[in-house]
Amino acid sequence: EVTDFEHQFADERQFRAALRRSGISQSQLGRLVAATIGGERWIEKQIAPQLAVSDAEVQQYFQQQEAEFTQPLRIRARHIFLAAPDGSAPEITEAKERQMLDIAARLGQGEDFVQLAATVSEDEASKKNGGDLGFFAADRVPLEFFDAAAELQPNGPPRFLHSHLGFHALQSTDIHAARLLTLTEATPEVRARVSAEKRRSGMAAL
């Protein structure tokens, strides 16, 4: 722990200067850290028996808070992306817009979306998979992007979107509607919540 603390400084000289300003020596710091670790371990030992969560407690908590355990709307989509982030030079933005209009025309003529994405998309992470972005919820992508994807029908015509990142040809491929989680799906989070509450009450009582 002392070594990790020392590594927060640029070099040993600065570390020792900080110790002098604090009025302690390195050996005193070591004893303080040791006392802190010992105290933390003692606390953990005292409250550890209280932290176990039974299946009955999991079920009771879930029944009382069931509405909180939901899986949000998730969309699977693919895109062809041309980078033109906000602040780009006008000539770059105009060139990318013309390029996206050409892509729209090619898709309109029946060219395969997956093959075109693999060829011209500038999203290196997804182009090797034909532009596939996998499933995502609203908290995983920019809101403007999610809202546009949510308006599309799976495997319907693509939509062309200008976001703050650039230009997208966006196509939805699957939708999982929002739903309540089952007890089995929610159990890990329920256990974590109940255990955390027990930890807080155990610490307060101690």
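Heads up: the sequence shown begins at 94 in the numbering used here, then just goes up one per residue.
C-beta atoms are modelled at their ideal positions from N, C-alpha and C, and glycine is treated no differently.
If you're wondering where the values come from, they're calculated on a predicted model, not measured in any experiment.
Legend entry - Reference S214; option with closest CA among E190, A198 and A176: A176
Inset, instruction - Just mark D216 as buried or exposed, buried being the case when its beta carbon has 16 or more other beta carbons within 10 Å. - result: buried
Legend entry - Cβ contact (3+ pairs, closer than 8 Å) linking the region 138-156 and the region 281-292: yes
Inset, instruction - Check the DSSP bridge columns for S265 and list the partner residues they point to. - result: A170
Legend entry - the region 177-197 / the region 267-287 touching (three or more Cβ pairs under 8 Å): no
Inset, instruction - Grab me the residues of N248's own chain with a C-beta within less than 8 Å of its C-beta, minus the 5 sequence neighbours each way, in chain order. - result: Q264, S265 and T266
Inset, instruction - Determine the direct distance from the alpha carbon of D232 to that of A198, and round the result to whole angstroms. - result: 32 Å
Inset, instruction - List the residues that DSSP assigns as beta-bridge partners of H255. - result: F260
Inset, instruction - Identify which residue in L276, M296, L299 and A298 has its Cα closest to the Cα of T163. - result: L276
Inset, instruction - Specify the secondary structure class of L56 as computed by DSSP and reduced to three states. - result: Limits of the chain in this structure are 94 at one end and 299 at the other, which puts residue 56 out of reach.
Legend entry - Three-pair Cβ contact test at 8 Å for the region 218-230 versus the region 152-171: yes
Legend entry - Other residues of its chain near Y154: CB distance less than 8 Å, five sequence neighbours each side excluded: V283, R286 and V287
Inset, instruction - With DSSP collapsed to three states, give me the class of R286. - result: helix
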